[in-house]
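Using the numbering used here, the first residue of the sequence shown is number 475, and each one after it goes up by one.
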Amino acid sequence: MFKKIIIMALCMLPLAASAQSKFGYFNYDDMLKAMPEYTEAQNNLNMLKDNYESELKRSEDEFDKKYTEFLDGQKEFPKSILMKRQKELQNLMDQTLEFKKDVKEMLSKAEKNLMAPVKQKLDEAVAAVAQEKALDYVINTAGNNYPYVNPNTGVDLTEQLKQSLGIK
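Next comes the structure, spelled out in structure tokens:
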């Protein structure tokens, strides 16, 4: 009797092993860019970039003006004034370079902050659609990491996600 149970269990093993996981796939980047919230976040980021760029331009113009004045008058200046103006120019250049570095960091943080709720909304929609379809996992086909996914074994989630997110 015990041998029969073991033989039956061994016979059932290949059936259990052949069970295939259900998966879905879509292009995360394309879906993200199709969301209206993405466009709004990008517009806000572009406005912020424009503000910073205009301030950088103002700083660079100020430096250029002072540098030109320095070059024009350097032959006439006494040594003490010449040294003072050189120091002023160096400080102005250092401040501009520091501001450029700060702008990069601030824009990076702003992009993360603006995109976080958009990505969270997409992630939640993916989870909801995956649960609705009883999928084991979802593959992101962006970046050509998965150049081919057999549509007969996987489920393309693009249309369901668009519908879930209200994208036309």
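By construction, the Cβ of each residue, glycine as well, lies at the ideal position given by its N, Cα and C atoms.
Just mark residue i as buried or exposed, buried being the case when its beta carbon has 16 or more other beta carbons within 10 Å.
| i | result |
| --- | --- |
| ALA599 | buried |
| MET509 | buried |
| SER492 | Only weak support is given to the placement of SER492: the predicted model assigns it a pLDDT of 46, under 50, and the question is left unresolved by the model. |
| TYR620 | exposed |
| ASN618 | exposed |
| ASP546 | exposed |
Terminal residues of the continuous alpha helix (DSSP H) containing residue i?
| i | result |
| --- | --- |
| ILE613 | Premise fails: ILE613 lies in the beta strand (DSSP E), 611-614, not in any alpha helix (DSSP H). |
| LYS719 | Because the chain here runs from 475 to 642, residue 719 falls outside it and cannot be looked at. |
| ALA608 | First-last for ALA608: undefined, no H or E at that position. |
| LYS507 | 502-508 |
Taking C-alpha atoms, which residue in the options lies nearest to residue i?
| i | options | result |
| --- | --- | --- |
| THR570 | ASN525, TYR611, ARG532 and PHE500 | ARG532 |
| ASN565 | GLN548, LYS595 and GLU534 | GLU534 |
| MET580 | GLU511, MET505 and ASN525 | ASN525 |
| LYS578 | LYS595, LYS523 and GLY547 | LYS523 |
| TYR512 | GLN637, GLN605 and GLN594 | GLN594 |
| LYS636 | ASP504, LEU556 and GLN548 | ASP504 |
| GLU527 | ASN614, GLN516 and LYS574 | LYS574 |
| SER495 | LYS549, TYR611 and ASN626 | TYR611 |
| GLU572 | GLN605, SER638 and GLU529 | GLU529 |
| GLU562 | LYS539, ALA584 and GLY640 | LYS539 |
| PHE497 | GLY640, SER638, ILE641 and PRO625 | PRO625 |
| GLU643 | TYR622, ASN520 and VAL623 | Residue numbering for the chain in the displayed model covers 475 to 642; residue 643 lies beyond these limits and cannot be assessed. |
| THR615 | TYR541, MET557, PRO591 and GLY628 | GLY628 |
| GLN516 | LEU609, GLY640 and ASN587 | ASN587 |
| ASP597 | SER582, SER638 and ALA608 | SER638 |
| ASN518 | LEU506, GLN548, MET557 and MET589 | MET589 |
| GLN605 | ASP576, LYS583, LEU631 and VAL592 | LEU631 |
Apart from the five residues on each side of it in sequence, which residues of its chain come closer than 8 Å, Cβ to Cβ, to residue i?
| i | result |
| --- | --- |
| MET567 | PHE537 |
I need the boundaries of the beta strand (DSSP E) containing residue i, first residue and last residue.
| i | result |
| --- | --- |
| PHE551 | Looking at the DSSP string, PHE551 is not in any beta strand (DSSP E), and its letter there is neither H nor E. |
| MET622 | Here the sequence assigns Tyr to residue 622, which means Met is not the residue at that position. TYR622 -> no beta strand (DSSP E), and no H or E assigned at all. |
Take residue i and list the residues in its own chain whose beta-carbon comes closer than 6 Å to its own, dropping the five residues that flank it on each side.
| i | result |
| --- | --- |
| GLN634 | VAL603 |
| VAL623 | TYR499 |
| ARG559 | PHE544 |
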